[in-house]
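Everything below concerns the one structure shown next.
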Amino acid sequence: MESPAGRKDLPVLDTVSAPRRILWKNVTTVLGAAILIGAEVFGAGFAGGWAIANLLGLGDYGVYGFQALLMGLGAIVMVQFVRHGMRIEPFTRRG
């Protein structure tokens, strides 16, 4: 089919799609793994911050600072983990 301008028109696609369904098995798999790995990541950040600050003799505020820094990095790692997990095991499906 051609338009008056002489170019071929694209076919009209159905814009109303089937509703999305939640794939609970994938959701529980990714979130369960995130909980287990998150406990280790945040525990390592807490302990690592304490150990590094005490090793360097930075005092209480140094401990809190290193713990906050390492736990913040752990939060970034966990967000990336869940995002990649959602790519591998999608949380929703059409239809």
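Going by my numbering, the sequence shown opens with residue 42, and the numbers climb by one from there.
We treat Cβ as the ideally placed atom computed from N, Cα and C, and that holds for glycine.
Predicted, not measured: the structure shown is a model, and the values here were computed from it.
*Terminal residues of the continuous alpha helix (DSSP H) containing glycine 90?*
65-97
_Which residue wins for smallest C-alpha separation from valine 123, given the options Leu99, Gly113, Thr70, Leu64?_
Thr70
_Buried versus exposed, by CB contacts within 10 Å (16 or more), glutamine 121_ = With fewer than 16 Cβ atoms within 10 Å of its Cβ, glutamine 121 is classed as exposed.
*asked:* Please return the same chain residues whose Cβ sits closer than 8 Å to the Cβ of proline 60, not counting the five positions on each side in sequence.
replied: Taken in chain order, the residues that qualify are Arg135, Gly136.
*Since alanine 75 and methionine 119 are thought to touch, with beta carbons under 8 Å apart, how far apart are those beta carbons, to the nearest angstrom?*
6 Å
*Smallest Cα separation from glycine 115: which of Asn67, Phe87, Val68, Leu72?*
Residue Phe87 is the option with its Cα nearest to glycine 115.
_Contacts around glycine 126, its chain only, beta-carbon distance under 6 Å, and the 5 residues preceding and following it disregarded_ = Val71
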